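Read the structure below first, then the notes.
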Amino acid sequence: MFSYPLCFIIMGVLFSCTNATEKVNILEIALSSQNPKIKRVMDSLDQFEVQVRYTKIDRKNDSILFTDYDFQVDEENYFYPASTVKFPIAVLGLERLNETDSLNREVRYYIEGDTIESSFSKDILQIFTVSDNLANNRLVELLGQDAINESLMKKGIGPLRISHRLGYHSEGLSTKPLIIYLNDSTTAMTLPTVNSAPEPLTLNNINKGIGYYEDGVLIQKPFDFSLKNYYPIKAQHDVLKRVIFPDHFKTDQQFNLSQEQRTFLLETMKTLPRNAGYDPKEYYDGYCKFFIYGDTKDTIPSYMEIYNKVGFAYGTLTDCAYIKDTKNNVDFLLTATILVNKDGIFNDDAYEYDEIGIPFLAELGREIYRLELEKTR
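Take 1 as the starting number for the sequence shown in UniProt numbering and just add one per residue.
Right, here's the structure in full:
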């Protein structure tokens, strides 16, 4: 275990900043905190595969200046993105609707062979409020993996690779048709597409741990993530920037959303489960808001707006967020990931989410928020 001085020296090497003249590194100060929720992770970094990007936002007249601060961010070091991939899929779903005259957010539809009827508005709300896998997978059927990847890459977002749906029966290369209600008595069907088979990723840490369970049997070799989704910190941060600050990018790098769609998207991203009709005892405010509030069941005050998407699976926790305090005029971007799998076994449901991972992300958010508040005073 590193002592604090040694940890501090190591952080000086691992941190980077896009602005060499910047003297105050809020991210470095936050990660140097003596709070045990942060210190126990920073003292044993090799266990946790932490990556963090924090963006300081400065405004002058009509201009916005972003300064990115990184800690161990490296697109060559793989982590499983889990449900964070639902964010670009939801945005691209809206974009597809905007480019298709016969479709809108409220149209009713179902997937061929399924009985669940939904709407695109409902799917996107479920994605951001409770991270619903089926809602995400329905949008994958609309878009297809190849189109998702090509659309993002054309906007300059990458590297990344969306190769599969989420949850059970997730690997199929062919999309299923959507049966869409044009009115109460008339339906139309989308055409299925066949997507490319994913090539194995060749990245650092692509094989993780010492074993995994498969069909109830312990396989004593590292778990292979090479065919899984790949959505690194930079790509996540780039999607978020384009959604929150579209005018900062050239037209061909923006998402093609109408103003109404963008307003809906932003409102949905910050919506808390209780405001979407979910039981607050099960889906408390911090359920899908890891930064600042993930380790508490307290009510998030109305002046704190968190536009984000979290992911948690295979022992990996990730949050990608734009955090805005409307009362104190504070805002910043923060994306971070941490692996919490002490025994090195995957699919055993023995991950330290609540003990280590979520408290770390929550305290990291609080530390940066506190430092941002001090900056405004």
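For every residue, glycine included, the Cβ atom is placed at its ideal position computed from N, Cα and C. The structure presented is a predicted model; accordingly, all values stated were derived computationally and were not measured.
Worksheet entry | Rounded straight-line distance, which links the Cα of N341 to that of F245 | By 1-based counting over the sequence shown, the position of residue 245 is 245. By 1-based counting over the sequence shown, the position of residue 341 is 341. Straight-line measurement puts the Cα of N341 at about 35 Å from the Cα of F245.
Worksheet item: Around the C-beta of Q126, are 16 or more other C-beta atoms found within 10 angstroms, so that it is buried, or is it exposed?
Response: Locating residue 126 in the sequence shown gives position 126, where the first residue counts as 1. Burial state of Q126 is buried, judged by a 10 Å Cβ sphere holding 16 or more other Cβ atoms.
Worksheet item: What's the gap between the Cα of L364 and the Cα of P301?
Response: For the purposes of this step, residue 364 is taken as the residue at position 364 of the sequence shown. For the purposes of this step, residue 301 is taken as the residue at position 301 of the sequence shown. Their backbone Cα atoms lie some 19 Å apart in a straight line.
Discussion item. On the DSSP letters alone, give me the boundaries of the beta strand (DSSP E) that Y307 sits inside.
Written reply: Within the sequence shown, residue 307 is the residue found at index 307, counting from 1. Looking at the DSSP string, the run of the beta strand (DSSP E) that includes Y307 is M304 to A313.
Worksheet item: Which residues in the same chain as S83 place their Cβ atom closer than 6 Å to its Cβ, once the five residues preceding and following it in sequence are excluded?
Response: Residue numbering aside, residue 83 sits at position 83 when the sequence shown is read from its first letter. Contacts found: S131 and G311.
Worksheet item: Hey, would you say Y69 sits closer than 8 Å to I26, going by beta carbons?
Response: As a working note, residue 69 is residue 69 in the sequence shown. As a working note, residue 26 is residue 26 in the sequence shown. Yes. Within cutoff.
Worksheet entry | Residue-chain proximity (V239, chain B), Cβ-Cβ < 8 Å | Checking the listed chains, one finds no chain B in this structure; it contains a single protein chain.
Item to complete: Tell me, to the nearest whole angstrom, how far the beta carbon of I338 is from that of A321; I am working on the premise that it is less than 8 Å.
Response: If you number the sequence shown from 1, residue 338 lands on position 338. If you number the sequence shown from 1, residue 321 lands on position 321. I338 to A321, Cβ: 14 Å. No contact.
Worksheet item: Among N77, Q72 and E95, which has the Cα closest to the Cα of F264?
Response: For this step, residue 264 is matched to residue 264 along the sequence shown. Of the candidates N77, Q72 and E95, the one whose C-alpha sits nearest the C-alpha of F264 is E95.
Practice prompt. Please classify R242: is it buried, with 16 or more other beta-carbons within 10 angstroms of its beta-carbon, or exposed?
Written response: To locate residue 242, count along the sequence shown from 1; it is residue 242. Classified as buried, R242 has 16 or more neighbouring CB atoms from the shown chains inside 10 Å of its CB.
Fill in: Residue from F291, F225 and N328 with nearest C-alpha to L317
To locate residue 317, count along the sequence shown from 1; it is residue 317. Of the listed residues, the one whose Cα sits closest to L317 is F291.
Worksheet item: Taking the alpha carbon of F225 as the point to measure from, which residue in R262, I179, M189 and G315 has its own alpha carbon closest?
Response: The sequence position of residue 225 within the sequence shown is 225, counting from 1. Ranked by Cα distance from F225, the options R262, I179, M189 and G315 are led by G315.
Worksheet entry | Inter-residue Cα distance where the pair is S258 and R108 | Within the sequence shown, the letter at position 258 stands for residue 258. Within the sequence shown, the letter at position 108 stands for residue 108. Approximately 20 Å, taken between the alpha carbons.
Worksheet entry | Sequence-distant residues of the same chain with beta carbon closer than 8 Å to K122, five excluded per side | The residue you call residue 122 lines up with position 122 of the sequence shown. So the qualifying residues of the chain are A135.
Item to complete: Measure the alpha-carbon distance for V217 versus V24 and round it to whole angstroms.
Response: For the purposes of this step, residue 217 is identified with residue 217 of the sequence shown, where counting begins at 1. For the purposes of this step, residue 24 is identified with residue 24 of the sequence shown, where counting begins at 1. C-alpha separation (whole angstroms): 51 Å.
Discussion item. So, at 7 Å on beta carbons, what are the nonlocal neighbours of L97 in its own chain, with the 5 sequence-adjacent residues on each side left out?
Written reply: Here residue 97 is taken as the residue at index 97 of the sequence shown, counted from 1. Excluding five sequence positions before and after L97, the CB atoms of its chain that fall closer than 7 Å to its own CB belong to L103, N104, R105 and F120, given in chain order.
Worksheet entry | Residues near Y278 by beta carbon distance below 8 Å, same chain, minus five either side | Against the sequence shown, residue 278 aligns to sequence position 278. The beta carbon of Y278 sits closer than 8 Å to the beta carbons of T129 and V130 from its chain, once the five residues preceding and following it are set aside; these are given in chain order.
Worksheet item: When we look at the beta-carbon of T335 and count the other beta-carbons within 10 Å, is it buried (16 or more) or exposed?
Response: Counting from one through the sequence shown, the residue named residue 335 turns up at place 335. Result: buried.
Worksheet item: Apart from the five residues on each side of it in sequence, which residues of its chain come closer than 7 Å, Cβ to Cβ, to G158?
Response: Your numbering for residue 158 matches position 158 in the sequence shown. If the five residues before and after G158 are omitted, its C-beta is found closer than 7 Å to the C-beta atoms of L152 and A235, all from its own chain and listed in chain order.
Worksheet item: Helix, strand or coil: which one does DSSP assign to residue 378?
Response: With the chain covering only 1 through 377, there is no way to say anything about residue 378.
Discussion item. Output needed for I64: all residues of its chain with C-beta closer than 7 Å, excluding positions within five of it in sequence on either side, in chain order.
Written reply: Taking the sequence shown and counting its residues from 1, the one referred to as residue 64 is at position 64. Closer than 7 Å at the Cβ level, and outside the excluded window around I64, lie I57, F245 and H248.
Worksheet item: What is the DSSP secondary structure of G211, reduced to helix, strand or coil?
Response: If you number the sequence shown from 1, residue 211 lands on position 211. Under the three-state reduction of DSSP, G211 is assigned to strand.
Discussion item. My assumption, with CB atoms under 8 Å, is that F79 sits in contact with E49. Please give the rounded CB distance.
Written reply: By 1-based counting over the sequence shown, the position of residue 79 is 79. By 1-based counting over the sequence shown, the position of residue 49 is 49. Right, the Cβ-Cβ distance comes to about 6 Å (below 8 Å), so this counts as a contact.
Item to complete: Counting only the same chain and skipping the five closest in sequence on each side, list residues whose C-beta sits under 8 Å from that of D298.
Response: Numbered from its first residue, the sequence shown carries residue 298 at position 298. Within the same chain, D298 has close Cβ partners D285 and G286.
Worksheet item: If we ignore side chains and look at the alpha-carbon of each, how far apart do residue 382 and I162 end up?
Response: The shown model of the chain, from 1 to 377, leaves out residue 382, and the question about it has no answer.
Fill in: Secondary structure, beta strand (DSSP E): runs of 3+ residues fully inside the region 215 to 280
For the region 215 to 280, whole beta strand (DSSP E) runs of length 3 or above, ordered along the chain, are 217 to 219.
Worksheet item: Of the choices E171, V330 and K176, whose alpha-carbon is the least far from that of Y110?
Response: Mapped onto the sequence shown, residue 110 falls at position 110. Checked all of E171, V330 and K176; the closest Cα to Y110 is K176.
Worksheet item: Using DSSP with H/G/I as helix, E/B as strand and the rest coil, what is Y287?
Response: Sequence index remark: in the sequence shown, residue 287 carries index 287 (1-based). Secondary structure of Y287 (DSSP, three-state): helix.
Fill in: Close-in-space but distant-in-sequence residues of the same chain around residue 380 (CB under 8 Å, 5 per side omitted)
Lying outside 1 to 377, the shown extent of the chain, residue 380 is not represented and no answer is given.
Practice prompt. Closer than 8 Å by C-beta to N149: which residues in its own chain qualify, once you throw out the five before and the five after it? Chain order, please.
Written response: Taking the first residue of the sequence shown as 1, we reach residue 149 at position 149. Excluding sequence positions up to five before and after N149, its CB lies within less than 8 Å of the CB of L160, R161 and I162, all in the same chain and listed in chain order.
Worksheet entry | Simplified DSSP state of N149, which is helix, strand or coil | Position 149 of the sequence shown holds residue 149. Here N149 sits in helix by DSSP.
Fill in: N- and C-terminal bounds of the alpha helix (DSSP H) containing A30
Looking up residue 30 in the sequence shown gives position 30. Taken as a continuous stretch (DSSP letters only), the alpha helix (DSSP H) holding A30 covers I26 to L31.
Worksheet item: How close, in whole Å, do the beta carbons of N137 and L178 come, if the pair is a contact with beta carbons under 8 Å?
Response: Within the sequence shown, numbered from 1, the residue matching residue 137 stands at position 137. Within the sequence shown, numbered from 1, the residue matching residue 178 stands at position 178. The pair is not a contact, with the Cβ atoms about 12 Å apart (cut-off 8 Å).
Item to complete: My understanding is that A93 touches I116, with C-beta atoms under 8 Å, so please give their C-beta distance in whole angstroms.
Response: Taking the sequence shown and counting its residues from 1, the one referred to as residue 93 is at position 93. Taking the sequence shown and counting its residues from 1, the one referred to as residue 116 is at position 116. Note that residue 93 is Gly in the sequence shown here, rather than Ala. The beta-carbon separation of G93 and I116, rounded to 16 Å, does not stay under the 8 Å limit for a contact.
Discussion item. Pull the bridge partners of V194 from the DSSP assignment, please.
Written reply: The sequence position of residue 194 within the sequence shown is 194, counting from 1. V194 is bridged to S174.
Item to complete: List the residues that DSSP assigns as beta-bridge partners of S163.
Response: Here residue 163 refers to the residue found at position 163 of the sequence shown. For S163, which the question treats as bridged, DSSP gives no partner whatsoever.
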